[in-house]
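Protein chains: 2
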Amino acid sequence: MNIGQAAGASGVSAKRIRYYEQIGLIDSAARSESGYRVYDERDVHTLRFVSRARQLGFSIEEISDLLALWQDRHRSSAAVKKIALAHIEEMQKKIAELQSMVDTLNDLACHCEGDARPECPILEELSGGEERA
Amino acid sequence: MNIGQAAGASGVSAKRIRYYEQIGLIDSAARSESGYRVYDERDVHTLRFVSRARQLGFSIEEISDLLALWQDRHRSSAAVKKIALAHIEEMQKKIAELQSMVDTLNDLACHCEGDARPECPILEELSGGEERA
DNA sequence: CCTACACCTTCCCATTACGGGAAGGTCAAG
DNA sequence: CTTGACCTTCCCGTAATGGGAAGGTGTAGG
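Chains as they are written, first to last, in the working numbering: chain F, 71 to 203; chain C, 71 to 203.
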């Protein structure tokens with residue numbers, strides 16, 4: 071099957087497939103005589119694996135490690151779990167950051183009248199308490 | 071004051087200050103005879119505004135709008151609030167996405183023994199239920 | 001057989017918000 | 001007068017793609 075079909079079957083765009091190949095995340099595809107990339111079910115399966123991992127927010131580098139483990143029958147589940155837990159922690163840290171920003175900003179927005187007048191606690195806060203420089 | 075002092079006083083690195091000038095977020099700084107950028111308190115105040123806005127997660131483009139409003143004495147607080155609320159919504163959406171990923175992954179990780187054996191629900195899930203391609 | 005048209009190829013540019021570092025000019029102190 | 005800390009511009013690299021150009025391929029219909 072050509073890249074377009076592999077894309078359709080895996081949910082990974084042709085652009086992305088080429089990119090993944092280029093950076094070495096996935097093996098170089100076989101080629102037809104005319105130079106077209108050729109894929110089989112196994113390739114599509116791998117692409118789906120990558121796609122699902124991306125949906126869970128793993129970075130390409132993490133996915134590279136996960137793929138290696140996936141293909142290693144002597145892997146330990148501990149190694150996989152370690153990557154997963156590290157990723158969870160990263161995401162939770164990011165969530166905490168975002169939540170803190172939301173809380174602060176929400177607080178400010180709540181005290182903003184949101185009318186036609188220029189007085190605005192949001193700008194005052196950003197300004198450092200004093201008004202216009 | 072030179073860019074280094076402005077950086078120290080505002081908490082914005084010299085690199086960033088030049089970048090902000092380059093993309094037009096802030097006005098071009100005055101120059102000394104020898105070509106050095108020169109800043110005053112007002113500039114530093116603006117830089118601090120930008121810095122605080124960045125700490126709340128606003129994008130450069132949003133900050134550009136906020137700066138314009140800040141400097142517009144005829145602004146309406148409604149315009150400011152609108153930007154803030156939109157930003158809050160974006161962040162909440164991002165949080166929800168991340169939280170969903172964390173939940174899913176946590177669930178999988180909980181069922182992973184994390185020992186020396188290769189069996190791993192995380193990889194099984196990424197694999198689509200079937201084992202190794 | 002020829003012509004569309006859909007598909008494929010590689011290559012380069014743009015995105016976001018900077019940091020790093022090179023090559024070279026400036027300034028103040030010792 | 002030299003050293004070292006500044007400053008300048010310029011270009012590269014980041015993460016993970018999307019867009020699009022220029023050009024080859026494959027197939028289906030007239």
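Backbone N, C-alpha and C define an ideal beta-carbon position, used for all residues, glycine too. Note that the coordinates shown come from a computational prediction; the quantities given were computed from them, not determined experimentally.
Have a look at Leu117(C) and Ala166(C) and give me their C-alpha separation to the nearest angstrom.
Residue 117(C) sits at position 47 when you count from the first residue of the second sequence. Residue 166(C) sits at position 96 when you count from the first residue of the second sequence. The alpha-carbon atoms of Leu117(C) and Ala166(C) are separated by roughly 31 Å.
Should Met161(F) be flagged as near chain C, meaning a C-beta pair shorter than 8 Å?
Residue mapping note: residue 161(F) aligns to position 91 of the first sequence, counting from 1. So, interface residue.
Going by DSSP, which residues form a beta bridge with Arg107(C)?
Indexing the second sequence from 1 puts residue 107(C) at position 37. Looking at the DSSP assignment, Arg107(C) forms a beta bridge with Arg101(C).
Could you work out which residues of chain F lie near Val150(C), taking near to mean beta carbons separated by less than 7 Å?
Position 80 of the second sequence, counting from 1, holds the residue named residue 150(C). Those are Cys182, Cys190, Ile192 and Leu193, listed as they occur along chain F.
When the Cα atoms are used, what is the spatial distance from Leu155(F) to Ala179(C)?
Your numbering for residue 155(F) matches position 85 in the first sequence. Your numbering for residue 179(C) matches position 109 in the second sequence. Using only the alpha carbons, I get a separation of about 7 Å.
Report yes if the CB atom of Ala240(F) is closer than 8 Å to the CB atom of Leu136(F), and no otherwise.
A question about residue 240(F) goes unanswered here, because the residues of chain F that appear run from 71 up to 203.
What does the Cβ neighbour count give for Ser147(F), buried or exposed, with the cut at 16 atoms within 10 Å?
As a first step, residue 147(F) is located in the first sequence; it is residue number 77 there, counting from the start. Buried is the call here.
Suppose contacts are defined by Cβ-Cβ distances below 8 Å. Is Val114(C) in contact with Ala76(C) by that definition?
Taking the first residue of the second sequence as 1, we reach residue 114(C) at position 44. Taking the first residue of the second sequence as 1, we reach residue 76(C) at position 6. Yes, these two residues count as a Cβ contact at 8 Å.
Could you tell me the boundaries of the alpha helix (DSSP H) in which Leu175(F) lies?
Taking the first sequence and counting its residues from 1, the one referred to as residue 175(F) is at position 105. It spans Ser147 to Cys180 - the alpha helix (DSSP H) in which Leu175(F) sits, taken as one unbroken run.
At 8 Å on the CB atoms, spell out the chain F contacts of Leu178(C), in chain order.
Counted from its first residue, the second sequence places residue 178(C) at position 108. Identification of chain F residues near Leu178(C) by a Cβ-Cβ cut-off of 8 Å yields Ala154, ordered along the chain.
Whole-angstrom distance between Gln92(C) and Lys163(C), CA atom to CA atom:
Residue 163(C) sits at position 93 when you count from the first residue of the second sequence. Residue 92(C) sits at position 22 when you count from the first residue of the second sequence. Answer to the nearest angstrom: the Cα atoms are 31 Å apart.
Measure the C-alpha to C-alpha separation of Arg86(C) and Gly127(C) and round it to an integer number of angstroms.
The residue given as residue 86(C) occupies position 16 in the second sequence. The residue given as residue 127(C) occupies position 57 in the second sequence. Computed Cα separation, rounded: 16 Å.
Just how far apart, CA to CA, sit Lys152(C) and Leu196(C)?
Numbered from 1 along the second sequence, position 82 holds the residue referred to as residue 152(C). Numbered from 1 along the second sequence, position 126 holds the residue referred to as residue 196(C). Computed Cα separation, rounded: 40 Å.
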